[in-house]
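**Student:** In short: position in the sequence shown from 1, add 2, done, that's my numbering. In this text, a Cβ means the ideal position worked out from N, Cα and C, and glycines have one as well.
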Amino acid sequence: MSSNGVSSLPAYSWEEIAEHKEKSSRWLVIDDLVYDVTSWSKKHPGGSILLGHFAGQDATEAFAAFHRNSIDYVRKFLKPLRIGRLEKGQSLPHTDVKEDFEKLRQTAEKMGLFNSSYVFFALVLLQIFALEVGSYLVLSYYGVNWLTWIVSVFLAATAQTQLGWHQHDAGHLSVFRNNKLNRIYHIFLICFLKGTSGHWWNHMHYQHHSKPNVIGKDPDVRMDKLFLVGNVMPVEKAKEESKPSMPYQKQHNYFFLIGPPLLFPVYFQFMTFRHAYTRRLYLEGFLMILYYARVFVLLYPLLGSVGAVLVYYEVMRVIESHWFTWVTQSNHIPMTIEKDEPTGRAWLLAQLKATCNIEKSFFNDWFTGHLNFQVEHHLFPQMPRHNYYKVAPLVSSLCTKHGVEYKVKPLLTAFKDIVRSLEHSGQLWLHTYEEFHSS
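The structure is reproduced here in C-alpha cells:
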C-alpha cells in the first residue's frame, strides 16, 4: 500500500466520514480507503442517488457485488477520487461476517457459479417468443371468440411476465460475460419487446438492491401514500398525521383492488414514459413506441377495433401485474423494514433481514423466474439465476454459522404473508393513531 502512497494519505475516523453524507459533500469507504464522490455522483452509471445511499458509510461489499464483471476497470475511476484512508482500529461491527462472506464469494467464483449458460438463456428467450407467437396464432387460426380470446390474452401475459424475468437477468449483467452486450441486450428486451424504459428500471432497481427494505432509500417500500409496511413506518405516519390520509387499517383489503391490479397498467405505465421524457431518453422512447406500434399492427386486424385492442392490452397487463406483484412482494413485504444504520450494515445481514426464499420446485422456479431464490439473488446480484440453487446450501450454512435466520417458505404461504403483514401494519397504525390523537 505504501508504494501507492496510501500510507501518506490523511487518516479519517468514522465520525468524520459520517459527516459527509449530504448531496453537497459525499464521502464513502471502499477497502479502507476514503473517496470523495461528490462530483462523480452525477457521472455514475448507476445514478447519483445510488451513491448517495452509501455516503458516509462503508460501500466495500456493495462495490464488489455490483462491479464483479468490471471491478479492475472501475477502480481506475476511483483513484482520482481517493482523498484519504480509514484510521487504524476503526473497524465496524460484524467483521467476521464480512470476512466469511467474502470467502463464500470467492468459493462461488472458483466453482464457476458466475458463468452463464447461453443454452439456458436461449431457451428462455425461445419460450418467450413461442408464447407471444402463440397468443397471435390462437386468434388468427381459430378466430376470435371468448375461449380463444382468454387463451390468447393469458399466453400474452405469460410471455410478458417471463420477459420481465429475463430482462431482469440482462439488467443484472448476468446473461453475457461482456457488460456492454448485457446492456444492449437489456435495452432490446425491456424497451423494444416490453415497452418499458431500461434506464428507469436500472434507476429504481439498483437502489432496491443496494438498500433493500430501508426506509428512505429503497423505492420499493416508498409506498406510504397508499400502504404502510413494517413496524416503523405505521408508527411514524400515525404520529405525523392529524387527519388520516388513507384508512390504513383496511389496507390488507384494498390491496386486492389497487395493488396487484394497477401496478403495471397505471403506475409503471405512467412512470416509465415520464422518466423517458424528463430524462430525454430519445432512443428508449423510440423503441418503446415501436413496441406499441407492433402490438397494434398485429392485434388490430384480428380484433377489429382500437377499443378491442386497448381492452386486450389492459387485461394482459393486469394479469402480468398480479403475477409480478405477488411474486416480488412475497420476498420482501413480510420481512424487516426499517431505517438505515449510520455506518450501514454488513452485506449478508442487510440482505437476509430484507429477503426470504420460496421453496424450490420446477414450477416455482419457472413461475418466479428463479426469484424464489431471492436471498441468493440479493447476495450475488450478478450471478446467473440457473446457479442459485447451487450456492444456496453454502449460503444457508454461512447463515447457520453466524446465527442469521435463513427463511424458506411454501409459495402460497409467502403470498398469504403479504396480506398478514399488511394487516399487522395497518392495525399498528390504527392503535398508534388512536393513542397519539385520542385527546
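Using three-state DSSP, classify Glu238 as helix, strand or coil.
**Tutor:** Note: Glu238 maps to helix in three-state DSSP.
**Student:** Got a sec? Which residues, its chain only, sit under 7 Å from Ala158 by beta carbon, not counting five neighbours each side?
**Tutor:** Excluding residues within five positions, the ones whose Cβ falls inside 7 Å are Glu134, Ser137 and Met318.
**Student:** Would you tell me roughly how many angstroms separate the C-alpha atoms of Leu396 and Leu106, rounded to the nearest one?
**Tutor:** So the two alpha carbons sit approximately 7 Å from each other.
**Student:** Starting from Leu88 and walking both ways along the beta strand (DSSP E), at which residues does that stretch end?
**Tutor:** Arg84 to Leu88 is the span of the beta strand (DSSP E), which, as asked, contains Leu88.
**Student:** Keeping to the same chain, check which residues put their C-beta closer than 7 Å to that of Gln129; ignore five residues upstream and five downstream.
**Tutor:** Counting only Cβ-Cβ distances below 7 Å, and skipping sequence neighbours, we find Gln164.
**Student:** By how many angstroms is the C-alpha of Ser9 removed from the C-alpha of Met3?
**Tutor:** At Met3, the pLDDT of 42 sits below 50, so the modelled position is not reliable; the number obtained from the coordinates is stated separately. When rounded, the distance between both Cα atoms is 7 Å.
**Student:** Which ranges does the beta strand (DSSP E) cover as unbroken runs of at least 3 residues, wholly within the segment 357-408, from first to last along the chain?
**Tutor:** Runs of the beta strand (DSSP E) inside the segment 357-408: none found.
**Student:** According to DSSP, simplified to helix, strand and coil, what is Ile32?
**Tutor:** Reduced to three states, the DSSP call for Ile32 is strand.
**Student:** Is the segment 225-232 touching the segment 407-427 in the sense that three or more CB pairs, one from each, lie closer than 8 Å?
**Tutor:** The answer is yes - the segment 225-232 touches the segment 407-427, with three or more Cβ pairs under 8 Å.
**Student:** Could you check if Met235 is buried or exposed, using at least 16 other CB atoms within 10 Å of its CB as the buried criterion?
**Tutor:** Buried.
**Student:** Is Gln353 closer than 8 Å to Val377 when the C-beta atoms are compared?
**Tutor:** In this structure, Gln353 lies closer than 8 Å to Val377 by Cβ.
**Student:** Which full runs of the alpha helix (DSSP H) of 4+ residues lie inside the segment 94-138, going along the chain?
**Tutor:** For the segment 94-138, whole alpha helix (DSSP H) runs of length 4 or above, ordered along the chain, are 97-112.
**Student:** Three Cβ pairs or more, each shorter than 8 Å: is that satisfied between the segment 205-220 and the segment 352-370?
**Tutor:** With a cut-off of 8 Å, the segment 352-370 and the segment 205-220 count as touching, because enough Cβ pairs lie within range.
**Student:** Can you tell me the Cα-Cα spacing of Val153 and Phe122, whole angstroms?
**Tutor:** Distance between the alpha carbons of Val153 and Phe122: 26 Å.
**Student:** Let me check understanding here. Comparing Cα to Cα, which of Gly309, Ser323 and Leu88 lies closest to Val268?
**Tutor:** The option with the nearest alpha carbon to Val268 is Ser323.
**Student:** If I measure Cβ to Cβ from Ala240 and keep anything under 7 Å in the same chain, skipping five residues before and after, which residues do I get?
**Tutor:** The answer, listed in chain order, is Trp431, Thr434, Tyr435 and Phe438.
**Student:** In angstroms with no decimal places, state the Cα-to-Cα distance between Phe270 and Tyr14.
**Tutor:** So the alpha carbons of these two residues sit roughly 43 Å apart.
**Student:** Would you call the segment 88-102 and the segment 42-51 touching, i.e. three or more CB-CB distances under 8 Å?
**Tutor:** The answer is no - the segment 42-51 does not touch the segment 88-102, with fewer than three Cβ pairs under 8 Å.
**Student:** Would you kindly report the start and end of the unbroken alpha helix (DSSP H) that includes Ser427?
**Tutor:** First-last of the alpha helix (DSSP H) with Ser427: Leu413 to Phe438.
**Student:** Once the 5 residues before and after Ser5 are set aside, which same chain residues still bring their CB inside 7 Å of it?
**Tutor:** Only weak support is given to the placement of Ser5: the predicted model assigns it a pLDDT of 47, under 50, and the value that follows is read from those uncertain coordinates. Here the set comprises nothing.
**Student:** If Leu83 and Asp34 are in contact, beta carbons under 8 Å, what's the gap, nearest whole angstrom?
**Tutor:** With a Cβ gap of about 15 Å, Leu83 and Asp34 do not count as contacting.
**Student:** Among residues of its own chain, excluding the 5 on either side of Tyr302, which ones have a beta-carbon nearer than 8 Å to its beta-carbon?
**Tutor:** Here the set comprises Val308 and Val311.
**Student:** Smallest Cα separation from Thr160: which of Phe369, Glu63 and Ser93?
**Tutor:** Of the candidates Phe369, Glu63 and Ser93, the one whose C-alpha sits nearest the C-alpha of Thr160 is Phe369.
**Student:** Helix or strand or just coil, what does DSSP make of Ser23?
**Tutor:** The amino acid at residue 23 is misidentified as Ser; the sequence shows Lys. If DSSP states are grouped into helix, strand and coil, Lys23 belongs with the strands.
**Student:** Measuring straight from C-alpha to C-alpha, what distance separates Gly197 and Pro95?
**Tutor:** Spanning the two alpha carbons is a distance of roughly 44 Å.
**Student:** Would DSSP call Glu63 helix, strand or coil?
**Tutor:** DSSP places Glu63 in helix when its eight states are reduced to three.
**Student:** Using the C-alpha atoms, what's the distance from His210 back to Gly54?
**Tutor:** Computed Cα separation, rounded: 13 Å.
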